[in-house]
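Inspection log for the structure reproduced underneath, given as C-alpha cells.
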C-alpha cells in the first residue's frame, strides 16, 4: 500500500513538473524575435548563425534570401553573425560576431490612486492622473481610452528607474481630456498590456458617477455629505488657483515639448527611410537559353524521300515576364526563338532544312513550392525555313538554299526549378505545328534550359 501511494505521489509530482515546464516554454516561445541587416550587393542568400554569449557552439542557423530572420528563443545574452553568398554559392562576406539581448516579456501592473478626477470647466484640458505603474520599460506606452466614444489620447509618463533597473511611474499626464469615463491601457514593447478600472473625469462641483455608485458635491450637501477627499479636492481647486495655474503651465510645456520631439522623430524616420538601402525584389523576368533536340512527327514530303533522318543539336532562347501573381499562380507572356536543323539523307539525295521558330506564348505557372513550379504555355508565331539539297546521281549537283515563311502554333509544358534567387532551370517539351500549303509538318522539341531571373 505504501509503495502504491509513493508511486502515485511521484507520478503527480512528475506530471506537475512537466506541465509547468511546458507552460514556461510556451510562455517564452509565444514571442518572436527579429534580426535585420543591410543588403549586400550581389548576394543571393544569407546564412545567420546564433550562439550563446559564453558559448563556442552555434545554437541556431538560418538560410534566407531576405535581409532579416525571425525566431523564438529564451531570454538571455547571445551573439550572431551574417554570412553572404554569391551567385556561385561562394562566401562573399561575413560580419563579426555581434551582441544582442533577449529580455523577458513583462505584464504591466496598474494601480489607480483615485478613480475620480475633477477639472475646471467643460472644455478639454490637460489632466494628471495619480497612478502607480510598474513592470514597464522606457518604451512602454500609456493610452487614455474613452469607454463610450473610443477616443484615444496618448499620455506622458513620468518614469523613474530603480537601482535594479526596473522602471515605474507614479503619475501620468493626458492632454486635451474631455468630460466622461476613461480607461488607461498600458502596453509594453512585447505587446503585453493591462487595462485599469474606469476613471471618471468631471467638472468641479458636479455629480461624479463611477459605475453604479455616485457621490454628490457641494450643490447637494443638505442630503449627502461629500467625502473628505472630494471636499479637499474641490477646496484646493478654489483656493489654490495660482498653484494650479503653475501646474497647468508646466503640463502644457511638457505637452509642447513632446509634440516637438514627435515631429523631430518623424523627420528623422523619413530621412532614414530614404537613406535605407532596400533589398532587390525579383520581378520574375526570366532569360533562358538551352540546346534542345527536335523530332519531326508527320512531315509527309521529307519522310517519303528519306531512309535516314539525322537530327542535330540546336539553340533556343526565351524571355518570360510573369507579372500577374494570384494565389501561387503566375501569368505572363513569353517570347521564344528556336533554330532546328534537320538532315534528310538517302542514297541519291541529301536535303538540309533549317527551321527558325519565332513564338509569342501565354504562360501559366503553378508554384508548388517557393523553388518548384509547373508551366503550361500556348501561342502562335512565324516559322522561316531554308532548304538546300545535293543530288548524288547527277554529279553531286548542289542547289543553293531557298527560303520560305509560314504561320505556326505552339503549346507545351515544363518543370521549373529555382535553386537560387537569380538562377532558374526549366526542362520540358514543346509541340509546334507549321501551317504549310502542301505539306503537314509537326515538330516535338524536348529541351533543357538555364537562365537568370531579374
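In our numbering, the protein residues as written are 1330 to 1783.
C-beta: ideal position from N, C-alpha, C; glycine also.
Just so we're clear, the structure is a prediction, and the values are computed from it rather than from any experiment.
DSSP three-state assignment for residue i, whether helix, strand or coil
i            : result
residue 1492 : coil
residue 1593 : helix
residue 1598 : helix
residue 1455 : strand
residue 1762 : strand
residue 1381 : strand
residue 1646 : strand
residue 1470 : strand
residue 1290 : Because the chain spans 1330 through 1783 in this model, residue 1290 falls outside it and cannot be assessed.
residue 1669 : strand
residue 1520 : coil
residue 1499 : strand
residue 1791 : Past the edges of the chain, shown from 1330 to 1783, lies residue 1791, and the structure says nothing about it.
residue 1386 : coil
residue 1419 : coil
residue 1757 : strand
residue 1706 : strand
residue 1656 : coil
residue 1434 : coil
residue 1525 : coil
residue 1281 : Here the chain comprises residues numbered 1330 to 1783, so residue 1281 is not present and cannot be evaluated.
residue 1651 : coil
residue 1447 : strand
residue 1371 : coil
residue 1783 : coil
residue 1768 : coil
residue 1699 : coil
residue 1427 : strand
residue 1637 : Because the pLDDT at residue 1637 is just 44, under 50, the model does not fix this residue reliably, and the point stays unresolved.
residue 1552 : Residue placement at residue 1552 is poorly supported in this model, since its pLDDT is 39, which falls under 50; the coordinates are not used for a value here.
Sequence-distant residues of its chain with Cβ nearer than 6 Å to residue i (five each side left out)
i            : result
residue 1619 : 1645, 1776, 1777, 1778
residue 1498 : 1462, 1486, 1487, 1488
residue 1399 : 1361, 1363
residue 1429 : 1407
residue 1660 : 1653, 1693
residue 1383 : none
residue 1782 : 1611, 1615, 1751, 1753
residue 1327 : For the chain, the structure presents residues 1330 to 1783; residue 1327 sits outside this window and is missing.
residue 1735 : 1712, 1763, 1764, 1765
residue 1524 : 1512, 1514
8 Å contact criterion, which residue i and residue j should meet: CB distance rounded
i            : j            : result
residue 1693 : residue 1747 : In fact, because the Cβ distance is near 17 Å, the residues do not count as touching under 8 Å.
residue 1379 : residue 1414 : Going by Cβ atoms, the distance from residue 1379 to residue 1414 rounds to 18 Å, so no, they are not a contact pair.
residue 1617 : residue 1753 : 7 Å
residue 1682 : residue 1715 : 7 Å
residue 1416 : residue 1751 : 6 Å
residue 1615 : residue 1649 : 4 Å
residue 1758 : residue 1742 : 7 Å
residue 1686 : residue 1664 : Not a contact, Cβ separation roughly 11 Å.
residue 1651 : residue 1699 : Wrong, their Cβ atoms sit about 14 Å apart, outside the cutoff.
residue 1446 : residue 1465 : Actually they are not in contact, since the Cβ atoms of residue 1446 and residue 1465 sit about 21 Å apart, beyond 8 Å.
Sequence-distant residues of its chain with Cβ nearer than 7 Å to residue i (five each side left out)
i            : result
residue 1538 : Low per-residue confidence applies at residue 1538: pLDDT is 42, beneath 50, and the placement is therefore not dependable, though the value from the model is reported in the following sentence. The answer, listed in chain order, is 1529.
residue 1691 : 1662, 1706, 1707, 1708
residue 1780 : 1615, 1616, 1617, 1618, 1753
residue 1558 : Annotation note: pLDDT 40 at residue 1558 (below 50); position unreliable, no value reported.
Beta-bridge pairing of residue i - partner residues as DSSP gives them
i            : result
residue 1399 : 1363
residue 1661 : 1692
residue 1508 : According to DSSP, which records beta bridges pairwise, residue 1508 is partnered with nothing at all.
residue 1802 : The structure shown has nothing for residue 1802, since the chain only spans 1330 to 1783.
residue 1749 : 1752
residue 1776 : 1757
residue 1481 : 1474
residue 1532 : 1448
residue 1461 : 1440
The ligand GTP heavy atom lying under 7 Å from the CB of residue i
i            : result
residue 1719 : Here there are no bound small molecules, and the ligand GTP is not part of this structure.
Own chain residues within Cβ distance below 8 Å of residue i, not counting five before or after
i            : result
residue 1521 : 1434, 1435, 1436, 1437
residue 1643 : 1620, 1621, 1622, 1623, 1667, 1668, 1669, 1670
residue 1703 : 1694, 1695, 1697, 1742, 1743, 1744, 1745
(message) Contact between the stretch 1467–1483 and the stretch 1495–1515 is defined here as three or more beta-carbon pairs at a separation below 8 Å; is this criterion met?
(response) yes
(message) Under 8 Å: do the stretch 1458–1469 and the stretch 1436–1446 share three or more Cβ pairs, one atom per stretch?
(response) yes
(request) Mind the definition here: the stretch 1462–1473 touches the stretch 1514–1522 only if three or more C-beta pairs lie below 8 Å; say whether that holds. (result) yes
(message) I want to know whether the stretch 1361–1378 touches the stretch 1387–1395 - three or more CB-CB distances under 8 Å.
(response) Counting Cβ pairs under 8 Å, three or more are found: they touch.
(message) Check whether the stretch 1396–1405 and the stretch 1415–1422 are in contact - that is, three or more C-beta pairs closer than 8 Å.
(response) Taking 8 Å as the limit for Cβ pairs, the verdict is that the stretch 1415–1422 does not touch the stretch 1396–1405.
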